[in-house]
Amino acid sequence: MHTTTLALVGATGGAGTTRTAVELAAVGARGGHDVAVVDAAFTTQGLSEYVAGRIDTDLTALLTDETESPLSAAAYPLGAAGASGVASEPNARGAASDGRVDIVPARAPFERLARAKTAAAARKLERRIEEATSTP
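Take the sequence shown: its position 85, counted from the start at 1, is 113 in the working numbering, and no numbers get skipped.
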């Protein structure tokens, strides 16, 4: 399985990095690829706005509390338009060439955010991404 990883880094909250990531994911899905967007911007937690419904498990929980769970445990289908107005239903599989977009948001209380901003948590995130990209 061939996997491509793209990392976007925002200079500041509100610069449009999350929106850019979601739009790039939608383009990939329209090209027939299954795409995952992982939100490691724990301070802004912007990707959570793109989840339609309740977020039970988020990325910070995987890195601090549920350390044995796979990355997919915090993955949600990209929902209807979020605050930024992304087109609704980008996950709808219409044509056979359409892929899907799953997002792994950060949506946590301050205490868990603080624990997720450690070197150990960063290493856990790296391992989770490696596991997710090597699983067919």
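Virtual Cβ for every residue (Gly too), placed ideally from N, Cα, C.
Assigned secondary structure, residue i (DSSP; H/G/I helix, E/B strand, else coil)
i     : result
Ala64 : strand
Val79 : strand
Val50 : helix
Phe70 : coil
Leu36 : coil
Glu94 : coil
Beta-bridge pairing of residue i - partner residues as DSSP gives them
i      : result
Tyr104 : Ile131
Where residue i falls, given that 16 or more other Cβ within 10 Å makes a residue buried
i      : result
Arg82  : exposed
Ser162 : exposed
Leu36  : exposed
Gly183 : With the chain running from 29 to 164 in the structure shown, residue 183 is simply not present.
Sub-9 Å separation of residue i and residue j beta-carbons
i      : j      : result
Glu139 : Pro98  : no
Gly60  : Asp67  : no
Leu87  : Ala142 : no
Thr46  : Glu77  : yes
Asp130 : Ala103 : yes
Leu91  : Ala144 : yes
Val65  : Ala49  : yes
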